[in-house]
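Working notes, structure below.
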Amino acid sequence: MPENTNHNVSRRRYLSYAGAAAAAVTLAGCTGEDVEDPGAGNGNGNGNGTDDTGTGDDDDTLRISQTQNPTTLDPHDHRETTTDNVLLQAYDHHISRDRDGEMGDGIATDWEVLEEDRHKLTIREGVMFHNGDELTPADCAFTINRVADDDVGNLQSPQQDQIAGVTGAEVDDDDHAIIVHTEGANPMVFSNLASYVPVVQESWIMDRQPEEVAEDINGTGPYQLEEFVDGEFTRFSSFADHWNGEPPIGELIIDAASESSSRVNSLRAGEIDVATAIPPSDASAIEADEDTYVGDAPSTRVLMLPMLYNEEPFDSVEFRQAMNYAIDFDEIINTVLAGFGDATAQPTLEGYFGHNPDLEPYPYDPERAEELVEESGYAGAEIELHIPAGRYLRSDEIAQACVGFIDDLSNVSCEAEIRDFGELAGQLLDGDISSTPPFFLIGWGNTTFDAQQNLLPWLTEGTSQYTFVDEELEDLISAAQTEVDEDAREQLLQEANARAHELAVFVFLNREYLIYGLSQRVEWEPRQDEYSLAYEMSFR
Numbered sequence: 001m002p003e004n005t006n007h008n009v010s011r012r013r014y015l016s017y018a019g020a021a022a023a024a025v026t027l028a029g030c031t032g033e034d035v036e037d038p039g040a041g042n043g044n045g046n047g048n049g050t051d052d053t054g055t056g057d058d059d060d061t062l063r064i065s066q067t068q069n070p071t072t073l074d075p076h077d078h079r080e081t082t083t084d085n086v087l088l089q090a091y092d093h094h095i096s097r098d099r100d101g102e103m104g105d106g107i108a109t110d111w112e113v114l115e116e117d118r119h120k121l122t123i124r125e126g127v128m129f130h131n132g133d134e135l136t137p138a139d140c141a142f143t144i145n146r147v148a149d150d151d152v153g154n155l156q157s158p159q160q161d162q163i164a165g166v167t168g169a170e171v172d173d174d175d176h177a178i179i180v181h182t183e184g185a186n187p188m189v190f191s192n193l194a195s196y197v198p199v200v201q202e203s204w205i206m207d208r209q210p211e212e213v214a215e216d217i218n219g220t221g222p223y224q225l226e227e228f229v230d231g232e233f234t235r236f237s238s239f240a241d242h243w244n245g246e247p248p249i250g251e252l253i254i255d256a257a258s259e260s261s262s263r264v265n266s267l268r269a270g271e272i273d274v275a276t277a278i279p280p281s282d283a284s285a286i287e288a289d290e291d292t293y294v295g296d297a298p299s300t301r302v303l304m305l306p307m308l309y310n311e312e313p314f315d316s317v318e319f320r321q322a323m324n325y326a327i328d329f330d331e332i333i334n335t336v337l338a339g340f341g342d343a344t345a346q347p348t349l350e351g352y353f354g355h356n357p358d359l360e361p362y363p364y365d366p367e368r369a370e371e372l373v374e375e376s377g378y379a380g381a382e383i384e385l386h387i388p389a390g391r392y393l394r395s396d397e398i399a400q401a402c403v404g405f406i407d408d409l410s411n412v413s414c415e416a417e418i419r420d421f422g423e424l425a426g427q428l429l430d431g432d433i434s435s436t437p438p439f440f441l442i443g444w445g446n447t448t449f450d451a452q453q454n455l456l457p458w459l460t461e462g463t464s465q466y467t468f469v470d471e472e473l474e475d476l477i478s479a480a481q482t483e484v485d486e487d488a489r490e491q492l493l494q495e496a497n498a499r500a501h502e503l504a505v506f507v508f509l510n511r512e513y514l515i516y517g518l519s520q521r522v523e524w525e526p527r528q529d530e531y532s533l534a535y536e537m538s539f540r
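Residue numbers (full-length UniProt numbering): 1 to 540.
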């Protein structure tokens with residue numbers, strides 16, 4: 001394409017890419033992608049995968065429709081929020097978090113640092129598993145060891161870096177407690193246990209093959225599994241013996257429709273009660289309907305385009321910087337997201353501990369982008385962006401717009417590859433960087449509100465999904481892991497974010513906003529962490 005392509009032409013091309021995104025997703029259905037017919041709910045006429053119809057006022061069943069079904073029922077063998085959103089109906093963490101991210105009692109009633117490498121959690125007595133067995137401290141220690149140690153629990157967990165620095169746990173014989181051991185000081189150990197590693201029963205896990213654990217649930221949470229049809233729906237009933245009391249809603253069904261129009265249509269038809277990831281363009285229609293309303297919250301998720309550091313042309317810092325300069329993200333936020341988004345300049349979101357307030361997003365400068373491409377030695381590069389179909393709020397449109405802006409450069413060609421989210425996630429989490437696509441869109445949620453969990457998983461060699469290696473950056477992240485002085489630790493994390501910005505480790509996109517469509521019969525205030533937890537909801 002000619003070098004003098006002007007901004008107006010680029011903007012027209014951008015609009016055509018964004019407008020074509022829905023068509024691209026629909027076409028993906030012809031190649032095996034799991035994409036819903038926009039007017040057909042989830043394909044069975046009632047939006048929930050069961051023979052039940054409607055959500056009449058006398059119905060005690062809550063129906064939630066999200067973008068993806070769970071990829072597994074093993075709570076330690078995945079890294080997807082949509083899977084967590086199903087499993088955390090039935091599993092508890094050691095420490096709880098409220099909708100604002102504050103920590104509170106959970107399975108553990110108290111926690112303290114004994115020594116820099118020894119941390120004690122006092123375990124609640126009388127907690128029952130869904131199978132009728134009482135939870136023991138040994139179950140809690142086993143849970144942590146199953147994630148931290150590849151030789152425990154028939155699993156090499158992709159969540160290991162979520163409790164980075166934890167070497168194991170053991171029962172405290174003197175108290176109803178466990179001792180968590182770490183590699184020296186670890187300021188994140190309790191925060192991580194409030195966000196990750198749901199508690200499981202040792203005997204239940206060890207008596208089953210991994211494929212059985214992946215298809216069944218035995219937790220301590222407020223809902224117990226009644227039925228799971230892989231790829232269709234998950235049905236729960238309330239657990240009367242939950243340690244915090246039986247939840248107010250008796251039955252819960254969670255299904256998925258990757259097309260947002262399917263979720264919106266099902267909501268407005270009264271077939272579901274909660275629709276996640278609603279596009280801003282549909283919010284006004286939902287609000288205008290007397291039977292539905294909109295709930296929203298800024299999320300803990302950042303969207304980004306990782307680039308593999310060891311794959312051409314992304315092994316060049318100039319080329320990676322060029323990709324950031326190439327995209328007019330203010331235009332995307334205003335047009336695709338209708339203002340529901342904040343541009344980012346670093347891996348860590350504003351408001352998180354360790355966020356660097358001195359960094360500004362890369363400005364839109366296609367001329368500078370073309371210059372940097374020339375400097376990189378990769379002029380004429382042909383690249384492909386892998387897009388998880390329908391996973392995040394308007395992510396297909398955002399990604400297609402990014403493809404359009406990059407393709408508008410005179411010396412780079414860019415195409416889109418629509419992918420099934422589960423398949424793409426599997427490639428990212430298999431621990432083999434050679435199977436990771438060189439350029440892809442992903443949304444990263446971090447419910448610890450700490451920069452470490454934005455930096456460490458992606459930018460530290462050897463984690464399950466790392467995409468970038470830089471010795472200086474890794475040294476900063478590593479030092480922050482064990483620094484207990486709060487001011488010094490914040491400085492290390494801010495320096496790491498600055499280094500990540502300078503190296504352009506990702507194309508930095510936006511903070512995702514959560515927009516939900518809700519039935520008027522449901523009372524609920526959305527959480528920042530994206531979890532639609534039924535025990536927090538009630539019927540009016």
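Note that the Cβ used here is the ideal one computed from N, Cα and C, for glycine as well.
Proximity of residue i and residue j at Cβ, strictly below 7 angstroms
i, j, result
"Y535", "P298", "no"
"F508", "A399", "no"
"V86", "T276", "no"
"N454", "P366", "no"
"P210", "N154", "yes"
"A269", "R263", "no"
"D173", "I179", "no"
"L441", "L349", "no"
"P62", "D273", "Here residue 62 is Leu; the residue named in the question, Pro, does not match the sequence. Yes. Within cutoff."
"R394", "P526", "no"
"I477", "A496", "yes"
"D139", "E202", "yes"
"G443", "S464", "no"
"N324", "A498", "no"
"D105", "T122", "no"
"F468", "L459", "yes"
"E215", "L73", "yes"
"Y352", "F449", "yes"
"E417", "E371", "no"
"P248", "S532", "no"
"H93", "A194", "yes"
"G445", "T67", "no"
"A141", "V166", "no"
"S337", "P388", "Here residue 337 is Leu; the residue named in the question, Ser, does not match the sequence. Taking 7 angstroms as the Cβ cut-off, L337 and P388 do not qualify as a contacting pair."
"F129", "T220", "yes"
Neighbourhood of residue i by C-beta, 8 angstroms cutoff - its chain only, sequence neighbours within 5 removed
i, result
"D475", "none"
"I433", "L308, N310, Y466, T467"
According to DSSP, residues forming a beta bridge with residue i
i, result
"L514", "A297"
"R63", "I253"
"T234", "F228, I254"
"V412", "A381"
"G445", "R301"
"F439", "M307"
"S261", "None; S261 has no bridge partner."
"D450", "F353"
Span of the alpha helix (DSSP H) around residue i
i, result
"residue 572", "Missing from the structure shown is residue 572; the chain here goes from 1 to 540 and no further."
"R368", "366-376"
"F421", "421-429"
"N192", "189-195"
"I205", "202-206"
"V199", "Per DSSP, V199 belongs to no alpha helix (DSSP H) and is neither H nor E."
"V213", "210-213"
Residues near residue i by beta carbon distance below 7 angstroms, same chain, minus five either side
i, result
"T143", "V197, V199, V200"
"A283", "V294, I515"
Start-to-end residues for the beta strand (DSSP E) that takes in residue i
i, result
"S283", "Rather than Ser, the amino acid found at residue 283 in this sequence is Ala. Element bounds for A283: not the beta strand (DSSP E) but the alpha helix (DSSP H), 280-288."
"V180", "177-182"
Cβ-based neighbour list, residue i, same chain, cut-off 6 angstroms, excluding 5 preceding and 5 following
i, result
"P75", "L87, Y91, P198"
"A185", "E116, T482, V484"
"G295", "Y516, L518, P526"
"P187", "V484"
"residue 542", "Because the chain in this structure spans residues 1 to 540, residue 542 falls outside the shown range and cannot be described."
Quiz prompt | Segments of 4+ residues assigned as alpha helix (DSSP H) that fall wholly inside the stretch 317-363 | solution = For the alpha helix (DSSP H) assignment, the uninterrupted runs of no fewer than 4 residues enclosed by the stretch 317-363 are, from N- to C-terminal side, 317-325, 329-335.
Self-check item: Start-end ranges of the beta strand (DSSP E) lying completely within the stretch 85-171, minimum 3 residues
Solution: If we require 3 residues or more, the beta strand (DSSP E) runs fully inside the stretch 85-171 come out as 108-115, 118-123.
Quiz prompt | Ranges of the alpha helix (DSSP H) found wholly within the stretch 480-536, counting only runs of at least 4 | solution = Under the rule that a run must span 4 or more residues, the alpha helix (DSSP H) segments found entirely inside the stretch 480-536 read 486-503.
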